[in-house]
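In my numbering, the protein residues as written are 482 to 663.
What follows is the structure in structure tokens.
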């Protein structure tokens, strides 16, 4: 028999929870189950820009919000690359409906670094005390519910900092959890 799920209720008891599932035809109560509720993870999507050049090169990253002939470029960041491929994340809020980026290299006219927009990258807020270690796990929204994968373990250098999940670009939607590490 197949039926359409129309509601689901959980009743809080002093022992394990029971789940009552009802539809148009009947109600069924489950065997006792354990419900694990995890704190929601604060996150937002930000544009990720991948810069490619020689390590040690000094690069600038400019942006503009329209491509018209009179549009001016504004500098978003300047940086010295520590790797041949390095990402920068545009944390501007609110973001305009469109944004264009260009990279330039200081001191070497005619040398244009490579730039690609990785896409919208989840910026996950990690909070706690300086020195706290936090493990960030993820699970695919469409996958099994018990298949958490460790994404990273981070030691906080500030009481609030961002972690950018660049590995999520092009993957199925994810859910994240933050687990304190003793």
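Quick reminder that beta carbons are idealized off the backbone N, C-alpha and C, glycines included. Model, not experiment: these values are computed from the prediction.
Residue state for residue 660 is assigned as strand, using DSSP reduced to three classes. When C-alpha distances from residue 629 are compared across 621, 636, 635, the shortest belongs to 621. Rounded to the nearest angstrom, the gap between the Cα atoms of residue 660 and residue 553 is 44 Å. Look at the beta carbons and you see the stretch 522-531 not touching the stretch 496-509: under three pairs across the two are nearer than 8 Å.
When the Cα atoms are used, residue 584 and residue 576 turn out to be separated by approximately 19 Å. If only uninterrupted beta strand (DSSP E) runs of at least 3 residues are considered, those enclosed by the stretch 574-636 are 581-586, 595-608, 614-621, 630-636. Residue 649 sits buried, since 16 or more C-beta atoms from the chains shown fall within 10 Å of its C-beta. In this structure, residue 586 places its C-beta atom within 8 Å of the C-beta atom of residue 539. Around the beta-carbon of residue 542, 16 or more other beta-carbon atoms lie within 10 Å, marking it buried.
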